[in-house]
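Have a look at the structure below, then the notes.
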Amino acid sequence: MSRYKKLIDEANKEHLRSITRRHFLMDCVTGLGAAALGSFLAGCGSSGAGSAIPNAVAADPMAPKAPHFPGKAKSVIYLHMAGAPSQLELFDYKPALQRLHNQLCPPSLLEGKKFAFIRGVPKMLGPQAVFKQHGASGAWISDHLPHFTAMADEVSFLKAVQTDQFNHGPAQLLMQTGSARLGRPSIGSWVTYGLGTENSNLPGFVVLTSGGKTPDAGKSIWGSGFLPSVYQGVQCRTKGDPVLFLSDPEGMDRDLRKASIDAINRINEEEYTAYGDPETLARISQYELAYKMQIAVPEVMNIQNEPDYIHEMYGTQPGKESFANNCLLARKLVEKGVRFVQLYDWGWDSHGTDENLAIDYGFRNKCREIDRPITALLQDLKQRGLLDETLVVWGGEFGRTPMQENRDGKEMPFLGRDHHVEAFTIWMAGAGIKKGFTWGETDEIGYAAVKGKVAINDIHATILQQLGFDHEKLTYQFQGRPFRLTDTGGKVITPILA
Amino acid sequence: MIFLESTGSWGSLTGRMHPLLVHLPIGILILALLFVLISRLPRWQPLRAAIPFTLFLSFAAAAASCLTGYLLSQDGGYDEKTLNTHFYLGIGVAVISGLWWVTYRMLKKSPRLELLLALGMLLLISITGHYGGTLTHGDNYLEAAMPAALSSFSKKAVAAETGKYKDIGDALLYEDLVQPVLNNRCGSCHSQQKLKGGLQLETLALLRKGGENGPVLKDSLPEESELYKRIILPESDEHRMPPKGKPSLTPAETELLHWWISCGGPAGKKVKDLPKNPRISAVLAAMQPSKPVDRLATVPEKTVPPAPADAIAALTAKGLKVLPVAENSNYLSVSAFTAQGFSDADAALLLPLKEQLIWLDLSGAPVTDQVFSTLSQLKNLTKLTLKGTAIKGIALQSLNQCTGLMYLNLVQTATQTANIISLKNNKQLEQLYVAQTGIPANALQELHQQLEQLKIDTGGYRLARLPTDTLEYHKAAQQ
């Protein structure tokens, strides 16, 4: 069989495959199943019904939309330290833990508990950092973040955040989508679904990664779940072309590119009129966005023409993949109207299995890598008048144990801490968050949350609140019921709101 | 019977089958009535034969429902008046359907009488069903879900709770704050209709009376008052109120209840006349009506009419993004991220929106100082961003006419110190950003003296170079 014939054959098969399923659905609509199917189709988003946002018109799903009430934040920058940094070496100072250093862990802390790697009876591990109080607020910050100490009076620390997942993948999913299982939209998707974007030349939700690896949970943590796929995060590379295959191929000029995209979109529009599949719309707007992005993205992603003192401040090195570059990019993107910028920095999983993952070596290097950039990001946002309307969130997916890890009950080559779900620290800044405030407290060794406990969906509720949403009303009809980011929980953390 | 007695009381369980059984007579009777109606058509004539059997089934099911209903009513906790009405109406349904079955052959001869009976029957089961629903779901179950158009006809339309007081200090603690919490969170079970635990919380007198286990309120001692104690029990506790599955009180509501009991459970007392602790002060501050949590200072309180649609369309055509600051607001926010060709001449397009436009962001647009002649007419503007534009700020003084301006961003422009100082008459200006204008931090002292509340950010932050910035931690290197 010639290659040509094979192609025709495959196209025919593909066509038949789509026709059979859709015919079935169309037949159902005219028949008895119509009533039942109504809700089913709404779940696909085809009717746009059930959406809490009446003007979420199919025509331009990313058109800017008004929130429930005037929001303090217009954008969000979420700095996720993938692997989970140790709160006990950064913000949660526990002198009592130092006194217990190297002693065996009391059985009361182990009974009925599950740990990812700790087996048998581990030893306690005192803080491996020097702590001091900083700023007028007197927040405890360790010497691992010497620059960030100047930001003590800019941020609100949440010291008693709790999760129920002690493995990276599920915990990252929970942190970023509100559910430890796959299939839910990420925070950024909910935000762009609710607010759209004011800059149609750029994606509304941009993802930047650093640290050499993408997070364990994979791309689902910036996926759109059951929301239409226009709302998923667009990952930009910080080295080489920011978006792969964005440049025109050799020999094709921009007019020809425009003509071919127009032709493809016309065919897609016909397809949409025939079948009404919202995914076709997503495809149309992705093509249009890609065309506009060809000019806008290289411009915004180019950090070369920033002044030298900005590079000095962030510690950026153009052309390299680094957290510092991503922080500067985050500021540039937010300044251009991008709604949600998600940063992931990999390499915080300090178990003590090797030097890079040792609390006393690799962890300190990671801290150095973020110290200047996060401080510079906050100051830069502030001086450009952006911090008032940009919510900055920093944190990992869980915390680390006050015990030293003893993987498989053996001594480890380096100092390390295991995954810990009962209490960890996250901070938020900007956009109506109190400056120089601490909410929540852990016990004297930092094992359990004592006061001001915060659940993951409380953080989500707070993010949505600052953007102008009642988290209970930002819903999407799917599988016959309205879904929301905070599922059935979530309380706005009002004590940290200014 | 001996066997039954030896296995305990079955009455309660049988009674609880009532909500299940009760739907049978309703369905079957309606089917019988339907048969009566459509069998009048010649085509459906054969259905006639099924009517007596269906009527008999209705009678049997109705009788069973009456029996289980009676057993269920023995459990208690229902409003007696509604219960009795429902009870007798139910017996009525059973008796009438039974009689109809017996006299079916006779009645058949006068089709008019039969039709009248059928319609009467439909009315009777509807009313009976409604009273049954009132018993389980409460009095205002339907009213609560009525759309505004309908509820204005309903005499029980719930009066709006808000707006009774302008300042939280003037609110009556029990009447305005505590009673609404009790109504919202406890009302569905502890009301005249349901009377769970014999306790009603609809008025202060009933609350003080307590329930079947005695009083629920110990004045000034919240920790010993059942009313408070049960609310703070863990969710898993079987004595906890509201029980598992019902929405809990928010921390603020719990705090309010605690405070009211500590004050001795007063009625008719104003919030400002009662002693406060720091916790309740925080709760009350959040309840301050003139300053709701969801309000922003940069959105004016007075309302404006909607903006003309054609003016919005004209701006949108230029690539500007125009949208309301919130769903239910007519105030607008305009941004120019995708309108980089927006010029001084185009600025006139903003004028039809001068009432509604409060947030304007022209970052990066090639506008010059001429734009100020337009901007100064946007009288309701509260936030203005001119970052990276070609303005020199010569006409900055004209912004004095924007008397609501709170936020001004002149970052990355060629604005001069003298021009910025001319802003000194903008009394309400709170934030001024002038980074990357070349203006030194100390040059704006004068302005700061004039406007004490003004926060000026001249930017130019630097981070010192620390030895630790480049220090790499390695085991080998340290040894």
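These protein sequence lines are chains A and B, in that order. If you're matching positions, the first sequence starts at -5 in our numbering and goes up one per residue. If you're matching positions, the second sequence starts at 38 in our numbering and goes up one per residue. Even glycine gets a Cβ: it sits at the ideal position worked out from N, Cα and C.
Along the stretch 472 to 487 of chain B, the positions whose C-beta sits under 9 Å from a C-beta of chain A are A472, Q473, read in chain order. In the three-state DSSP reduction, F72/B falls in the helix class (H, G or I). Three or more beta-carbon pairs drawn from the stretch 127 to 136 of chain A and the stretch 82 to 92 of chain A are found closer than 8 Å, and the two stretches are therefore classed as touching. The Cβ-Cβ distance between L500/B and A370/A falls below 8 Å. S285/B is outside the set of residues whose beta carbon lies under 8 Å from a beta carbon in chain A. For P271/B and A284/A, the gap between their C-alpha atoms comes out near 53 Å. Across the stretch 264 to 276 of chain A, no CB contact with chain B closer than 7 Å is found for any residue.
Between the stretch 245 to 253 of chain A and the stretch 195 to 210 of chain A, the count of C-beta pairs closer than 8 Å stays below three; the two stretches do not touch.
Sequence-ordered contacts of the stretch 297 to 313 of chain A with chain B read P301, Y303, E306, M307, Y308, G309 [C-beta pairs closer than 9 Å]. Taking the CA atoms as reference points, D354/A sits about 54 Å from N221/B. Per DSSP, D494/B is one residue of the beta strand (DSSP E) stretching across 492 to 494. Rounded to the nearest whole angstrom, the C-alpha separation of W138/B and L74/B is 16 Å. Taking a contact to require three or more Cβ pairs closer than 8 Å, the stretch 483 to 496 of chain B and the stretch 455 to 466 of chain B qualify as touching.
Inclusion of Q156/A and K445/A in the CB contact set at 8 Å is not warranted, their separation being larger than that value. If you ignore the 5 residues before and after N262/A, its C-beta comes within less than 7 Å of the C-beta of T274, R277, I278, all in its own chain and listed in chain order. For F93/B, there is no enclosing beta strand (DSSP E); the enclosing alpha helix (DSSP H) covers residues 88 to 110. For S194/A, a Cβ of chain B is located within less than 8 Å of the residue's own Cβ. At a beta-carbon threshold of 9 Å, none of the residues of chain B lie near A492/A; the nearest stands roughly 11 Å away. Under the 8 Å criterion on CB atoms, A384/B is classed as non-interfacial with respect to chain A. Within a 10 Å sphere around the beta-carbon of G378/B sit fewer than 16 other beta-carbons, which makes this residue exposed. As a beta-bridge residue in DSSP terms, D398/B pairs with S372/B, T422/B. Contact between A110/A and H413/A holds: CB atoms are separated by about 4 Å, below the 8 Å threshold.
Remark: C-beta atoms of C99/A and P116/A approach each other more closely than 8 Å. Counting every other CB atom within 10 Å of its CB across the protein chains shown gives E4/A a total below 16, marking it as exposed.
Annotated three-state conformation of N320/A is helix, per DSSP. For A86/B, there are no C-beta contacts with chain A under 8 Å, since the nearest C-beta of that chain is about 28 Å from it. Ranked by Cα distance from W388/A, the options P489/A, D348/A, Y338/A, E105/A are led by Y338/A. At a cut-off of 8 Å between beta carbons, D494/B contacts chain A. Contact between the stretch 302 to 314 of chain B and the stretch 278 to 286 of chain B is absent: fewer than 3 CB-CB pairs across the two stretches fall below 8 Å. DSSP places I420/A in the uninterrupted beta strand (DSSP E) bounded by 418 to 423.
At least one CB atom of chain B sits nearer than 8 Å to the CB of R362/A.
Take the alpha-carbon of V486/A and the one of A182/B: they are about 27 Å apart.
The continuous stretches of alpha helix (DSSP H) do not include Y470/A, which lies in the beta strand (DSSP E) extending over residues 469 to 472. Residue ranges of uninterrupted alpha helix (DSSP H) with 4 or more members, entirely inside the stretch 440 to 490 of chain B and ordered along the chain, are 454 to 458, 482 to 487. Sequence-distant Cβ neighbours of L152/A in its own chain, meaning closer than 6 Å and more than five residues away, are I420, W433, G434, V448. Taking C-beta atoms as the reference points, G127/B and S110/B fail to come closer than 8 Å.
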